[in-house]
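Read the structure below first, then the notes.
In the working numbering, the protein residues as written are 2 to 138.
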């Protein structure tokens with residue numbers, strides 16, 4: 002082995018990792034610098050609980066049958082399906098960059114129409130609640 006590969010005879014060569022210092026350390030307080038963007042956006046435990054509670058109710062009603070969760074760089078998406086082989090009926094999206102504008106959360110229909118947007122997930126999800134039906138009479 003050569004001297005520059007970092008290993009003695011019979012050893013695996015040493016691997017070096019390069020870490021950008023601006024990503025490794027937090028920003029200095031008071032400098033006006035914002036922290037780096039996260040590698041992906043995700044739903045927290047409270048948000049997932051609300052989403053799965055709604056999903057469970059709609060499955061029990063026979064309306065929904067499957068779901069998918071995508072954690073992307075700029076958004077998290079909870080998609081619901083009538084059948085797993087179809088396009089999603091609805092997408093519940095969390096887009097943090099819209100927090101100061103229209104709101105972090107949005108419910109989007111299969112056609113791309115934004116049904117509701119807002120700052121509170123529980124209020125945005127109300128658009129997907131099944132309407133009450135008249136029983137008896």
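By construction, the Cβ of each residue, glycine as well, lies at the ideal position given by its N, Cα and C atoms.
Spatial distance of residue i from residue j (CA atoms)
{"i": "residue 99", "j": "residue 77", "result": "13 Å"}
{"i": "residue 120", "j": "residue 47", "result": "14 Å"}
{"i": "residue 75", "j": "residue 84", "result": "27 Å"}
{"i": "residue 132", "j": "residue 72", "result": "30 Å"}
{"i": "residue 106", "j": "residue 61", "result": "25 Å"}
{"i": "residue 113", "j": "residue 87", "result": "15 Å"}
Close-in-space but distant-in-sequence residues of the same chain around residue i (CB under 6 Å, 5 per side omitted)
{"i": "residue 116", "result": "108, 110, 128"}
{"i": "residue 59", "result": "65"}
{"i": "residue 70", "result": "79"}
{"i": "residue 142", "result": "The displayed coordinates of the chain run from 2 to 138. Any statement about residue 142 would go beyond what the structure contains."}
Under 9 Å between C-beta atoms of residue i and residue j
{"i": "residue 93", "j": "residue 82", "result": "no"}
{"i": "residue 122", "j": "residue 95", "result": "yes"}
Rounded distance between the beta-carbons of residue j and residue i, thought under 8 Å
{"i": "residue 97", "j": "residue 136", "result": "Between residue 136 and residue 97 the Cβ distance is about 42 Å, and since that is not below 8 Å, they are no contact."}
Below-9 Å beta-carbon distance, residue i vs any chain C residue
{"i": "residue 73", "result": "In summary, chain C is missing from the structure at hand, where a single protein chain is found."}
Simplified DSSP assignment, three categories, for residue i
{"i": "residue 78", "result": "strand"}
{"i": "residue 92", "result": "strand"}
{"i": "residue 57", "result": "helix"}
{"i": "residue 118", "result": "strand"}
Chain-order list of residues whose beta-carbon lies under 8 Å from that of residue i (same chain, five-residue window excluded)
{"i": "residue 51", "result": "122, 123, 126"}
{"i": "residue 91", "result": "80, 81, 108, 109, 110, 111, 116, 129"}
Same chain, Cβ closer than 7 Å to residue i, neighbours up to 5 away in sequence not counted
{"i": "residue 89", "result": "80, 81, 82, 111"}
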